[in-house]
Amino acid sequence: MTETGAKSSGSFAELPIPAQAGIGLRHPHVLEIIEHTPDIAWLEVHSENYLAAGGARMRQLEAIRQDYPLSCHGVALSLGSVGGHDQTHLAQLRSLFDRFEPGLVSDHVSWTTTGGTYLNDLLPLPYTEEALDVICRNVDQAQEAFGRPMLVENPSSYVTFHASTIPEWVFMSEIARRTGCGILLDVNNIFVSSHNHGFDATAYIDAIPADAVGEIHIAGHARREMGAATILIDDHSSAPIDQVWDLLDHALAHLGATPVLMEWDGDIPELSVLTAVAETAQHHLDQAATGKLAHVA
Amino acid sequence: MLHELEAAFRDSALAGEIAAAAELVRADEIAAEDRIAVYANNIVGSLTEVLENTFPAMQRHVGEENFAVIAGAFVRSQPPARPRLDLYGGGFAEFVDGFAPARENLPWLPDLARLEWAYHDSYFAADAPRFDPGTLGEIAPEEMLALTFTPHPATRAIASAYPIHAIWAAETLADVTETGYQALVTRPELDVAAWDVDAGGYLLFTALAAGQSLGDAALVAQTEEEDFDLQGALVRLFEWGVFRDG
Numbered sequence: 146m147t148e149t150g151a152k153s154s155g156s157f158a159e160l161p162i163p164a165q166a167g168i169g170l171r172h173p174h175v176l177e178i179i180e181h182t183p184d185i186a187w188l189e190v191h192s193e194n195y196l197a198a199g200g201a202r203m204r205q206l207e208a209i210r211q212d213y214p215l216s217c218h219g220v221a222l223s224l225g226s227v228g229g230h231d232q233t234h235l236a237q238l239r240s241l242f243d244r245f246e247p248g249l250v251s252d253h254v255s256w257t258t259t260g261g262t263y264l265n266d267l268l269p270l271p272y273t274e275e276a277l278d279v280i281c282r283n284v285d286q287a288q289e290a291f292g293r294p295m296l297v298e299n300p301s302s303y304v305t306f307h308a309s310t311i312p313e314w315v316f317m318s319e320i321a322r323r324t325g326c327g328i329l330l331d332v333n334n335i336f337v338s339s340h341n342h343g344f345d346a347t348a349y350i351d352a353i354p355a356d357a358v359g360e361i362h363i364a365g366h367a368r369r370e371m372g373a374a375t376i377l378i379d380d381h382s383s384a385p386i387d388q389v390w391d392l393l394d395h396a397l398a399h400l401g402a403t404p405v406l407m408e409w410d411g412d413i414p415e416l417s418v419l420t421a422v423a424e425t426a427q428h429h430l431d432q433a434a435t436g437k438l439a440h441v442a
Numbered sequence: 008m009l010h011e012l013e014a015a016f017r018d019s020a021l022a023g024e025i026a027a028a029a030e031l032v033r034a035d036e037i038a039a040e041d042r043i044a045v046y047a048n049n050i051v052g053s054l055t056e057v058l059e060n061t062f063p064a065m066q067r068h069v070g071e072e073n074f075a076v077i078a079g080a081f082v083r084s085q086p087p088a089r090p091r092l093d094l095y096g097g098g099f100a101e102f103v104d105g106f107a108p109a110r111e112n113l114p115w116l117p118d119l120a121r122l123e124w125a126y127h128d129s130y131f132a133a134d135a136p137r138f139d140p141g142t143l144g145e146i147a148p149e150e151m152l153a154l155t156f157t158p159h160p161a162t163r164a165i166a167s168a169y170p171i172h173a174i175w176a177a178e179t180l181a182d183v184t185e186t187g188y189q190a191l192v193t194r195p196e197l198d199v200a201a202w203d204v205d206a207g208g209y210l211l212f213t214a215l216a217a218g219q220s221l222g223d224a225a226l227v228a229q230t231e232e233e234d235f236d237l238q239g240a241l242v243r244l245f246e247w248g249v250f251r252d253g
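These protein sequences, in sequence, are chains A and B. For the first sequence, counting from 1, position 160 maps to 305 in this note's numbering; every step adds exactly one. For the second sequence, counting from 1, position 84 maps to 91 in this note's numbering; every step adds exactly one.
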């Protein structure tokens, strides 16, 4: 029997997240990846899937971490909650990070928990001074509890609030400026929200401070007819559409070389489909690098 | 303001009260209520899906639609209290027990929920080395009955008034044959297993797990099964890996 239960701090080689294309690790692909170690630049897991006391998943993540740079992406930190943090959750995440030493840790600019009820969705914040104060306080406390900096991801949303007074891109930039955290720029979310709320996606990207961005997400989304209108739903159940690839190119031109991650959470296909999307993303990264060099020359 | 907004979203999903949240958001060609409903449906739908994944045998036996009704009622009445989906569903069996439409027609359903939760819970439980029965060779026979054993942290025991293991394993209820009324769920290494166990074996395990000596636990089992085969029962428990080392 191994010392699975023991804290193994410092037992993994340092593997920073490269400015290359990675994929989100999902359960149906784990054993295949452990067995065949396919050529994938890096992997990202949902942190909350790995907080158990023991069992197969924890053992699998140890094997994965031996072979791949790992990013821990949270979905349940609820950084926008006015009631503040679940201290137990913060401590459990810290233990996870200390054990697996991920190259990046992140969560979302949204809220999920209210009054001790966890709603299991990335719910929208109004962009107000109050909400900005709340989320900056929570990001400060999370970074303190984790003992490491984190990235915060721009959300997709289906509503805008009467109360909002701050554009989302300013809200994102302000969180980074006030807390020192980085930004995880999800270009699919920007595309979805720009359609749903009628703003200019490229202007959004241009307004984000390039040196704050530590990671980019790409994904697929769905269209849903609502009466005469169409709403875009961020369902992560398909490959990115052409306009999202275009936005990625725009982001890479603005940001320079940045780690890019493909997320696929619903109707999960064969691993080869995901690695093919990652290859396409890598091609876009390579093109951007070449373009930049040509431009400089 | 943020406080009220959070409560309004929660109530839109869990209490079906969309109006308060809808007042907070802008409407255009899409009504504010319809926009809020996207979130409300996703909250209840995604949590129902979590329960579907944890309780597949229940869903198989009651049907997708009935399961969605029971699960949806549970989600609205007892949403997760922690940001941990792997911990969500521990109260489902008790809820099903108090769910009148199920209790009359499907009296075994709460026990099936207990067994499925035990299986799920075992998967995520702490690791520990399994007990090696080879070490018993060093024990003098006269000291054997004084031995005590520690349950493995991933072992779970379920007793029922129904053939619960057979119900759990059956593809349809017509396949259920009368078997034992107890189940042991184990995970000595990484793979979870559920075992059909007779009353004597179940009593032996639960008495040992409560800290009784092997001799005392055997007496407990004998009161239930007159011709209780201690050695046979113990060998099975060791094979299944219900105890841990140390």
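C-beta: ideal position from N, C-alpha, C; glycine also.
Is the distance from the Cβ of residue i to the Cβ of residue j below 8 angstroms?
i      : j      : result
L191/B : T162/B : yes
R91/B  : L206/A : no
T258/A : S223/A : yes
P454/A : S255/A : Missing from the structure shown is residue 454/A; chain A here goes from 146 to 442 and no further.
M407/A : L397/A : no
N333/A : I363/A : yes
V204/B : Q189/B : yes
F131/B : G200/A : yes
G219/A : L238/A : yes
T305/A : R194/B : no
A164/A : A402/A : yes
L94/B  : M151/B : no
G248/A : L329/A : no
H159/B : R251/B : yes
S240/A : L296/A : no
V284/A : T310/A : no
A367/A : D380/A : yes
A221/A : L430/A : no
G207/B : E185/B : no
L31/B  : H307/A : yes
E178/B : A374/A : no
I168/A : P404/A : no
L122/B : I171/B : yes
Y58/B  : A78/B  : As written in the sequence, residue 58/B is Leu, which differs from the Tyr given in the question. A contact, by the Cβ cut-off of 8 angstroms.
V227/B : A240/B : no
Q18/B  : E24/B  : In the sequence under discussion, the amino acid at residue 18/B is Asp, which differs from the Gln named in the question. A contact, by the Cβ cut-off of 8 angstroms.
P354/A : A321/A : yes
Nearest by alpha-carbon distance to residue i: which of the options is it?
i      : options                        : result
P312/A : S156/A, A276/A, S382/A         : A276/A
D412/A : H172/A, R369/A, F157/A, E159/A : H172/A
A125/B : P114/B, P195/B, G97/B          : G97/B
V103/B : D128/B, P87/B, V76/B, A177/B   : V76/B
E289/A : A352/A, A198/A, C326/A, I168/A : C326/A
D139/B : E30/B, F245/B, E24/B           : F245/B
A22/B  : Y95/B, Q85/B, I37/B            : Q85/B
F16/B  : Y263/A, G343/A, A367/A, V250/A : Y263/A
A164/B : F212/B, D198/B, E145/B         : F212/B
S167/B : E59/B, A100/B, R89/B           : A100/B
G359/A : L176/A, S216/A, G365/A         : S216/A
A153/B : L54/B, A225/B, L197/B          : A225/B
F258/B : W175/B, L237/B, E233/B         : Coverage of chain B is limited to positions 8 through 253, which leaves residue 258/B absent and any answer about it impossible.
Q229/B : Y209/B, A109/B, E24/B          : Y209/B
Check your understanding: Taking one C-beta from the region 68 to 82 of chain B and one from the region 33 to 46 of chain B each time, how about it: are there three or more such pairs within less than 8 angstroms?
Key -> No: fewer than three Cβ pairs fall under 8 angstroms.
Review point. Of all the residues that make up the region 180 to 206 of chain A, which are near chain B by a beta-carbon distance shorter than 7 angstroms?
Key: Under the 7 angstroms Cβ criterion, the region 180 to 206 of chain A contributes E193, L196, A197, A198, G199, G200, A201, R204.
Review point. Would you call the region 387 to 403 of chain A and the region 300 to 319 of chain A touching, i.e. three or more CB-CB distances under 8 angstroms?
Key: no
Check your understanding: Does the pairing of the region 262 to 282 of chain A with the region 407 to 423 of chain A give three or more beta-carbon distances under 8 angstroms?
Key -> no
Review point. Whole alpha helix (DSSP H) runs in the region 153 to 202 of chain A with 4 or more residues, listed along the chain?
Key: 175 to 181
Practice item. Say whether the region 276 to 289 of chain A touches the region 217 to 237 of chain A, bearing in mind that this needs 3 or more beta-carbon pairs closer than 8 angstroms, one atom from each stretch. Key: yes
Point to revise | 4 or more residues per run - each alpha helix (DSSP H) lying fully within the region 355 to 404 of chain A | key: 387 to 400
Review point. So does the region 101 to 117 of chain B actually touch the region 180 to 200 of chain A, counting three or more Cβ pairs closer than 8 angstroms?
Key: no
Exercise for review: Could you please tell me which residues of the region 266 to 278 of chain A, in chain order, have their CB closer than 9 angstroms to any CB of chain B?
Suggested key: D266, L268, P269, L270, P271, T273, E275, A276
Practice item. Could you list the residues in the region 241 to 260 of chain A with a C-beta less than 8 angstroms from some C-beta on chain B, going in chain order? Key: W256, T257, T258, T259, G260
**Study point:** Uninterrupted alpha helix (DSSP H) stretches inside the region 268 to 318 of chain A (no shorter than 4 residues)
**Key:** 274 to 291
Check your understanding: Fully enclosed by the region 49 to 79 of chain B, which alpha helix (DSSP H) runs are 4 residues long or longer?
Key -> You should have 63 to 69.
Practice item. Note down, in chain order, all residues in the region 119 to 140 of chain B with a beta-carbon under 7 angstroms from any beta-carbon belonging to chain A. Key: Y130, F131, A132, A133, D134, P136
Exercise for review: Please go through the region 88 to 167 of chain B and give each complete alpha helix (DSSP H) segment of 4 or more residues, from N-terminal end onward.
Suggested key: 99 to 104, 107 to 112, 116 to 131, all fully within the region 88 to 167 of chain B.
Exercise for review: Give the residues from the region 345 to 370 of chain A that approach chain B closer than 7 angstroms (Cβ to any Cβ), ordered along the chain.
Suggested key: none
Review point. Going along the region 41 to 70 of chain B in order, which residues come within less than 8 angstroms of chain A, judged by CB to CB distance?
Key: D41, R42, I43, V45, Y46, N49, I50, S53, L54, V57
Exercise for review: For the region 175 to 236 of chain B, list the beta strand (DSSP E) runs that are entirely contained and at least 3 residues long, ordered along the chain.
Suggested key: 189 to 193, 200 to 204
Review point. Just by C-beta distance, which residues in the region 295 to 320 of chain A are closer than 8 angstroms to chain B?
Key: Y303, V304, T305, F306, H307, A308
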